[in-house]
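Number of protein chains: 2
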Amino acid sequence: MNFKEVLEQKVKAAEQIVCSYLPEEEGYQRTVIDAMHYSVKAGGKRLRPVFMKEVYTLFGGHGKVIEPFMAALEMIHNYSLVHDDLPAMDNDEYRRGRKTTHVVYGEGMAVLTGDALLNFAFETALKAFDLEPENPRIPQALKILAQKAGLYGMLGGQAVDVEKEKAGEMMNMDELTFVHERKTGALIECAMMIGAVLAGASCEDVGRVEEAARLIGVAFQIQDDILDVEGNQEVLGKPVGSDEKNHKTTYVTLRGMEESKNDVKEMSERAISIFRGLPNQNEFLNELIESLIGREL
Amino acid sequence: MNFKEVLEQKVKAAEQIVCSYLPEEEGYQRTVIDAMHYSVKAGGKRLRPVFMKEVYTLFGGHGKVIEPFMAALEMIHNYSLVHDDLPAMDNDEYRRGRKTTHVVYGEGMAVLTGDALLNFAFETALKAFDLEPENPRIPQALKILAQKAGLYGMLGGQAVDVEKEKAGEMMNMDELTFVHERKTGALIECAMMIGAVLAGASCEDVGRVEEAARLIGVAFQIQDDILDVEGNQEVLGKPVGSDEKNHKTTYVTLRGMEESKNDVKEMSERAISIFRGLPNQNEFLNELIESLIGREL
Numbered sequence: 000m001n002f003k004e005v006l007e008q009k010v011k012a013a014e015q016i017v018c019s020y021l022p023e024e025e026g027y028q029r030t031v032i033d034a035m036h037y038s039v040k041a042g043g044k045r046l047r048p049v050f051m052k053e054v055y056t057l058f059g060g061h062g063k064v065i066e067p068f069m070a071a072l073e074m075i076h077n078y079s080l081v082h083d084d085l086p087a088m089d090n091d092e093y094r095r096g097r098k099t100t101h102v103v104y105g106e107g108m109a110v111l112t113g114d115a116l117l118n119f120a121f122e123t124a125l126k127a128f129d130l131e132p133e134n135p136r137i138p139q140a141l142k143i144l145a146q147k148a149g150l151y152g153m154l155g156g157q158a159v160d161v162e163k164e165k166a167g168e169m170m171n172m173d174e175l176t177f178v179h180e181r182k183t184g185a186l187i188e189c190a191m192m193i194g195a196v197l198a199g200a201s202c203e204d205v206g207r208v209e210e211a212a213r214l215i216g217v218a219f220q221i222q223d224d225i226l227d228v229e230g231n232q233e234v235l236g237k238p239v240g241s242d243e244k245n246h247k248t249t250y251v252t253l254r255g256m257e258e259s260k261n262d263v264k265e266m267s268e269r270a271i272s273i274f275r276g277l278p279n280q281n282e283f284l285n286e287l288i289e290s291l292i293g294r295e296l
Numbered sequence: 000m001n002f003k004e005v006l007e008q009k010v011k012a013a014e015q016i017v018c019s020y021l022p023e024e025e026g027y028q029r030t031v032i033d034a035m036h037y038s039v040k041a042g043g044k045r046l047r048p049v050f051m052k053e054v055y056t057l058f059g060g061h062g063k064v065i066e067p068f069m070a071a072l073e074m075i076h077n078y079s080l081v082h083d084d085l086p087a088m089d090n091d092e093y094r095r096g097r098k099t100t101h102v103v104y105g106e107g108m109a110v111l112t113g114d115a116l117l118n119f120a121f122e123t124a125l126k127a128f129d130l131e132p133e134n135p136r137i138p139q140a141l142k143i144l145a146q147k148a149g150l151y152g153m154l155g156g157q158a159v160d161v162e163k164e165k166a167g168e169m170m171n172m173d174e175l176t177f178v179h180e181r182k183t184g185a186l187i188e189c190a191m192m193i194g195a196v197l198a199g200a201s202c203e204d205v206g207r208v209e210e211a212a213r214l215i216g217v218a219f220q221i222q223d224d225i226l227d228v229e230g231n232q233e234v235l236g237k238p239v240g241s242d243e244k245n246h247k248t249t250y251v252t253l254r255g256m257e258e259s260k261n262d263v264k265e266m267s268e269r270a271i272s273i274f275r276g277l278p279n280q281n282e283f284l285n286e287l288i289e290s291l292i293g294r295e296l
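Residue numbers (numbering that gives the first Met the number 0), protein chains in the order written: chain P, 0 to 296; chain Y, 0 to 296.
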């Protein structure tokens, strides 16, 4: 099998795991559960659970304890999309070619759907204790999940982004880096660090993986900004030129196109070299990172 | 000191613990942190953390491990208020005599503030592991926190309530009981069960406490419906007659005034008798439950 076929298989496997942890569509509260399914099953690349599993494998992990965390992280990613799309936030009516949750279920129900996904993510991750009650790595993995999703992770970046946009203020490079590292980087750090921690990686290796994940997240985001200027709609998944139209501060506007391209290249090389420097290797993971930042996917 | 003075002292102590766990007001994401403080510091009776601490004491608990859970539960209670008040939900501009979070910080920021409080609640509760890394009761307490706040607890009740209200549908007694048990009962169950679990109560006693808490939550809610017809605005904290005005299904409309009053009396007596039947006694707690349901507070 070539890389794309292997990837497709792994994405499908991750998706099955994620969906197996979704709540049963029954009970008086069935509508909000339906909306959770609608949001999570909308597709997407399942990058975060795939990254988590691959880093887990890289460090020799082979148990089922990783699975509730894979599902939990994907639920957190999806809650953030449901809330981002709300009229009070980005006011997006379509995502991945389908109507967004608030368009289908109403705004109040979409707020609750996001809340339900975030809360259920923790309920799901806590099921790891049912699999391995005495595993001392689970509390550490739970802490990473909560921290990287929250105020000092994804949500913090999102809050600054929303505030600046509502105020119509441009960001400087420090602020933009803060937003990129958190909004895009934090959940990739979360995925990779939990994979490493649950597999029993050393503190130093978890730190290395965190740094690589940060670089991947930021490079990915810069690449997104570049493609918004130069790319085509199909690769980008949104109309080209939308950043300029929305007067968004991007890495390209602050740093220039050529420097931006150099930075992506340099960051991705550093990320790859961190993984290449580890005692064990996962060739699929290395290739995934390369193709992801190159956006061949 | 009389009961009211002791209560006031305990509320103040709980408030101090809750506030000590709030995030520092600093960093680029300071606005969302300010909004979290604004919401949590708006006051309220701090009933849930007080209940948690009192049940903990009742079962002989005396460590600090209860404190992050007290703070976490109050954060969850407050996130639900911030989101409930949103224009897409109840559209309330005032709560406890102060402007609601979305009025002060804007709607998008209020969505994020609720998300931040919910996420930070789990971050906070996980700090219990820093105090007692090997305590096997902490995972159980975390599960109760997540379950009682989520889809099969508070949020499930809220989802049904919102759906029925948006559709303009009346509820039958089964549906109303479902909503009351979850929207009001679940976090009281959560408070009391976590107190019992962390103090090392037996499974049977945790089950007894859960049943008593359910009765207290539902009785409290029925009392609220009664006061909406018969009470005065000061005790109720909202205008009298608002349920009728909003065509809300209430316990009183379904069951009649006299039966409702009998049910409150019977439920609170059952709750008290459960606590009186335990080997240990906490007189303050018994008195708190009595006065709460009687709404002398």
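Ideal placement from N, C-alpha and C gives every residue a C-beta, glycine not left out.
Note that the structure is a prediction, hence the values are computed from the model and not measured.
Collapsed DSSP secondary structure at Tyr93(P) in the structure displayed: In the three-state reduction of the DSSP assignment, Tyr93(P) falls in the strand class.
Contact under 9 Å by Cβ, Arg47(Y) with His76(Y): The Cβ atoms of Arg47(Y) and His76(Y) sit closer than 9 Å to each other.
Please say whether Leu144(P) and Leu297(P) have beta carbons closer to each other than 9 Å? As displayed, chain P neither begins before 0 nor continues past 296, which places residue 297(P) out of reach and without an answer.
What three-state label does DSSP hand Lys126(Y) in the structure shown? DSSP places Lys126(Y) in coil when its eight states are reduced to three.
Please say whether Ala190(P) and Val54(P) have beta carbons closer to each other than 9 Å? Yes, the pair counts as a contact, with Cβ atoms nearer than the cut-off.
Helix or strand or just coil, what does DSSP make of Lys98(Y)? The answer is strand: DSSP assigns Lys98(Y) an E or B state.
For Ser38(Y), count neighbouring C-beta atoms within 10 Å of its own C-beta (all shown protein chains included) and say buried if the count is 16 or more, exposed if not. Ser38(Y) counts as buried, since at least 16 other C-beta atoms from the protein chains shown sit within 10 angstroms of its C-beta.
For Leu80(P) and Val161(Y), what's the separation of their Cα atoms in angstroms? Rounded to whole angstroms, Leu80(P) to Val161(Y) spans 21 Å at the Cα level.
Anything in chain P within Cβ reach of Thr99(Y), meaning under 9 Å, just list it in chain order. Within chain P, no residue has its CB atom less than 9 Å from the CB of Thr99(Y), the nearest being about 14 Å off.
Excluding sequence positions up to five away, which residues of its chain have a Cβ less than 8 Å from the Cβ of Arg45(P)? Around Arg45(P): Val10, Ala13, Glu14, Val17 and Glu73.
In this structure, does DSSP put Lys11(P) in helix, strand or coil? It is helical.
Taking C-beta to C-beta, are Thr56(Y) and Met169(Y) nearer than 9 Å? No, Cβ-Cβ distance for Thr56(Y) and Met169(Y) is not below 9 Å.
For the alpha helix (DSSP H) containing Gln139(Y), list its first residue and its last residue. Here the alpha helix (DSSP H) through Gln139(Y) covers Arg136 to Ala148.
Check each candidate in Gln8(Y), Val49(Y) and Gly26(Y) and name the one with the smallest Cα separation from Asn285(Y). For the set Gln8(Y), Val49(Y) and Gly26(Y), the Cα lying nearest the Cα of Asn285(Y) is the one of Val49(Y).
Spatial neighbours of Leu214(Y) in its chain, beta-carbon cut-off 6 Å, leaving aside the 5 residues before and after: Excluding sequence neighbours, Leu214(Y) sits near Met266, Arg269 and Ala270.
Interface positions of the segment 145-179 of chain P facing chain Y (Cβ-Cβ less than 7 Å), listed along the chain: Cβ contacts with chain Y: Ala145, Gln146, Ala148, Gly149, Leu150, Leu154, Gly155, Gln157, Ala158, Val159, Val161, Glu162, Lys165, Glu174 and Phe177.
So if I threshold CB-CB distances at 7 Å, which residues from the segment 184-208 of chain Y count as touching chain P? The residues in question: there are none.
Beta carbon of Ile273(P), beta carbon of Glu210(P): below 9 Å? Yes, the Cβ-Cβ distance between Ile273(P) and Glu210(P) is below 9 Å.
Going by other Cβ atoms of all chains shown within 10 Å of its Cβ, with 16 needed for buried, is Ser241(Y) buried or exposed? The residue is exposed, with fewer than 16 neighbouring Cβ atoms inside 10 Å.
Work out the CA separation of Pro138(Y) and Glu133(P) for me, nearest whole Å. Each residue's alpha carbon lies about 10 Å from the other.
Can you find a heavy atom of the ligand MN that lies under 8 Å from the Cβ of Gly194(Y)? Only the bare structure without any ligand can be found here, which leaves the ligand MN out of the picture.
Compare the beta carbon distance of Ala158(Y) and Leu150(Y) with 9 Å and say whether it is the shorter of the two. In this structure, Ala158(Y) lies near Leu150(Y), with their beta-carbon atoms less than 9 Å apart.
Near His179(P), which residues of its chain fall below 8 Å by C-beta distance, leaving aside the five closest residues on each side in sequence? Cβ within range, chain order: Gly156, Gly216, Val217, Gln220, Ile221 and Tyr250.
Could you tell me whether any Cβ in chain Y is nearer than 9 Å to the Cβ of Glu25(P)? No, Glu25(P) lies away from the interface with chain Y (no Cβ there is under 9 Å from its Cβ).
Taking DSSP as the reference, what is the three-state secondary structure of Ala198(Y)? Under the three-state reduction of DSSP, Ala198(Y) is assigned to coil, being neither helix nor strand.
Determine, for Asp84(P), whether the minimum Cβ-Cβ distance to residues of chain Y falls below 9 Å. Interface flag for Asp84(P) against chain Y is unset, since no Cβ pair is found closer than 9 Å.
Using the rule of at least 16 other Cβ atoms within 10 Å of the residue's Cβ for burial, across every protein chain shown, is Ala166(Y) buried or exposed? Around the beta carbon of Ala166(Y), fewer than 16 other beta carbons lie within 10 angstroms, which makes this residue exposed.
Let me confirm a value: Gly60(Y) is counted as buried when at least 16 other C-beta atoms fall within 10 Å, else exposed. Which label applies? Answer is buried; the Cβ neighbour count reaches 16.
By Cβ distance, which residues of its chain are closer than 8 Å to Leu116(Y), with the 5 residues on each side in sequence left out? If we look at Leu116(Y) and ignore the five residues flanking it on each side, its Cβ neighbours are Met35, Ser38, Val39, Met74, Ile75, Asn77, Tyr78 and Val81.
Within 9 Å of any Cβ in chain Y, is that where the Cβ of Tyr20(P) sits? Not an interface residue.
Please list the terminal residues of the continuous alpha helix (DSSP H) segment that includes Ala70(Y). Membership of Ala70(Y) in the alpha helix (DSSP H) is indicated by the continuous run Ile65 to Asp83.
When the cut-off is 9 Å and only beta carbons count, does Glu210(P) lie next to chain Y? Among the CB atoms of chain Y, none fall inside 9 Å of the CB of Glu210(P).
Own chain partners of Lys260(P) with C-beta closer than 8 Å, once the 5 adjacent residues on each side are dropped: Here the set comprises Ile225.
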